[in-house]
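Protein chains in written order, with our numbering: chain A, -15 to 201; chain B, 5 to 357.
Where a beta carbon is used, it is the ideal one built from N, C-alpha and C, also for glycine.
None of the values given here were measured: they were computed from a predicted structure.
Report on the structure given below.
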């Protein structure tokens, strides 16, 4: 349940910024676009433990955001469920953004122009034309982000640690079980759950995209 | 009151657009070959393209003055825009496409019902755009633009993507829109026959400049007038086939040319215009082709014109024909004087002047 909760929350917190940045990278014509795209894609190429370490420097008690959070709320971010969500969201973000970017690129710009000539402004055009037509990419990206979170280990173990009931997601539980004396049976249980969850998410996404394609074909 | 006044200047590199036009309505036609700047003019008026210099007014309201003035965004210009690709929103039904504009005439209002009736949209309302034919899509696109209650309707080659029977259907509907709904229009076309039927006033564009202006019959008809055609053939009318919408002309040397149905009597002579870039050349006679005109020709001369090659041919002993092809095509086909080729021309690409 913790793993599912972390996966769902990581998608939830990533969705709005993912859609905005995906749209920006698809439609923004500027030399700075390559730089922004590079920064967004960085977690995809960095080793997850390196990502986790960098996140710890930001969200840990000595980091700027971690210290600010503690000053305001009295609580901490590192080594909590929130840290799991942040780690999963950061490593999955490039997958979400890239999926949405490609989907927005597939939306005919002339449809957006037609919307403008019919009286819809930029935001109205985005809500009524661009967003609905790029839904397959948004759903696909969300599923990839969710699936990625199910397998996220490196960044999570650094930022969130291994605390039963708080931060022990399936990948971390597998690691713990592997180090235990009679842990193999538990490992197989966790693997089966992980595969089943990932498969279910992927099948749901493919079914949705297939339905959307039939609707628009 | 003037419907539209526009001064537009833009340097594209390969040519410069420099036009000053105005229209008192009801319908202004813009005629010219592909690449002459016709569609750009409409894009500028609609607010979809910002040229180097623009001064545009619609119904005496300045919508663009650049540089050094204000630019009204497209959604506030109250200008409807319909292109040759209907561009219906694929995720919305016909009804929701028609009512897409935030301010639109209700389908149940008098104006809305009139538009639905004129464009015969009633049976289509609950269908998805993917299930419509080309002509139906174009009707929906027209209805959608009209329901947004525009001050001016821009039509960019609205019939060029349709076959001849559908094009005639849409042409008839546009005539109804003009006469019944009385919405001022600017229509762009490279087919003189469409503008002769619809437009009250016409400008002829050539290489980004206005080459002529006047009534359509004055500027578009008759040999020797400025028409923009690379080929004007003076031919004898052989026979009409009204069911197919074509008239056959005698090219001599045993060949005939099919062109859109005209009213000239068999035995009389008429001028037929053909654009050079609408002619396809091949070395062997093709089979199974939709085009009616597959003409035997002999290459007389091949000259360079920028990125293109101008191929001058003879159809028999008396009729000449000019085609534009790319340098690469001319090289691949090894086009040179004396080469026997076949020139393919769609009947719809011929204009009886």
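CB of residue 143 of chain B within 7 Å of CB of residue 129 of chain B, strictly:
no
Rounded C-alpha distance that separates residue 221 of chain B from residue 119 of chain A
51 Å
Interface flag, residue 186 of chain A vs chain B, CB-CB below 7 Å
no
Below 9 Å on C-beta distance, what does residue 115 of chain B contact in chain A?
Those do not exist, as residue 115 of chain B stays about 16 Å from chain A at its closest Cβ, beyond 9 Å.
For residue 250 of chain A, would you say it is in contact with chain B, using Cβ-to-Cβ distances shorter than 7 Å as the test?
Here chain A comprises residues numbered -15 to 201, so residue 250 of chain A is not present and cannot be evaluated.
Residues bridged to residue 318 of chain B (per DSSP):
B/302 and B/324
On the criterion of 16 or more Cβ atoms from any shown chain inside 10 Å, does residue 206 of chain B qualify as buried, or is it exposed?
buried
Rounded to a whole number of angstroms, what is the C-alpha to C-alpha distance between residue 304 of chain B and residue 321 of chain B?
12 Å
Neighbour list for residue 104 of chain A in chain B, Cβ cutoff strictly below 9 Å:
79, 104, 105 and 106
What does DSSP give as the partner residues of residue 218 of chain B in its beta bridges?
B/206
The ligand SAM and residue 179 of chain A: does the residue's C-beta get closer than 6 Å to at least one heavy atom of that ligand?
No copy of the ligand SAM occurs in the structure displayed, which carries no ligand at all.
Look up residue 228 of chain B in the DSSP assignment and say whether it is helix, strand or coil.
Confidence is the limiting factor: at residue 228 of chain B the pLDDT is only 40, short of 50, which leaves the residue's position unreliable, though a coordinate-based value still follows. Coil, per DSSP.
Where in the stretch 239 to 305 of chain B do unbroken runs of the beta strand (DSSP E), each at least 3 residues long, occur, reported from the N-terminal end onward?
250 to 256, 259 to 264, 273 to 278 and 284 to 286
Residue of A/117, A/37 and A/78 minimising C-alpha distance to residue 197 of chain A
A/117
Quick one: does residue 85 of chain B have its CB under 7 Å from some CB of chain A?
yes
Determine the DSSP secondary structure at residue 193 of chain B, reduced to helix, strand or coil.
strand
7 Å Cβ cutoff, residue 100 of chain A in contact with chain B
yes
Three-state class that DSSP yields for residue 345 of chain B in the structure shown
strand
Identify the contact partners of residue 152 of chain B in chain A, using a Cβ-Cβ distance below 9 Å as the criterion.
101, 102 and 103
Terminal residues of the continuous alpha helix (DSSP H) containing residue 57 of chain A?
48 to 57
Thinking C-beta only, is residue 350 of chain B closer than 7 Å to residue 295 of chain B?
yes
At which residues does the beta strand (DSSP E) containing residue 14 of chain B begin and terminate?
8 to 15
Would you be able to state if there are at least three C-beta pairs under 8 Å between the stretch 191 to 208 of chain B and the stretch 21 to 40 of chain B?
yes
Cross-chain neighbours of residue 95 of chain A in chain B, by beta carbon under 7 Å:
91 and 93
Looking at the secondary structure, which residues open and close the beta strand (DSSP E) in which residue 87 of chain B lies?
83 to 87
9 Å Cβ cut-off: residues of chain A touching residue 148 of chain B:
98 and 102
For chain B, check one thing: does any of its Cβ atoms lie closer than 7 Å to the Cβ of residue 78 of chain A?
no
Between which two residues does the beta strand (DSSP E) carrying residue 67 of chain B extend?
65 to 70
Does any CB atom of chain B fall closer than 7 Å to the CB of residue 27 of chain A?
no
Could you please give me the residues that DSSP links to residue 92 of chain A through a beta bridge?
Paired residues: none, contrary to the question.
Measure from the alpha carbon of residue 180 of chain B to the alpha carbon of each residue in B/275, B/101 and B/31, then state which is nearest.
B/31
Could you tell me the distance, in whole angstroms, from the CA atom of residue 11 of chain B to the CA atom of residue 72 of chain B?
14 Å
Mind checking who residue 33 of chain B pairs with in its DSSP beta bridge?
B/191 and B/206
With which residues is residue 191 of chain A paired in a DSSP beta bridge?
Partner(s): none; residue 191 of chain A has no beta bridge.
Residue 2 of chain A beta carbon less than 7 Å from that of residue 80 of chain A:
yes
Local conformation of residue 79 of chain A per DSSP, three classes
helix
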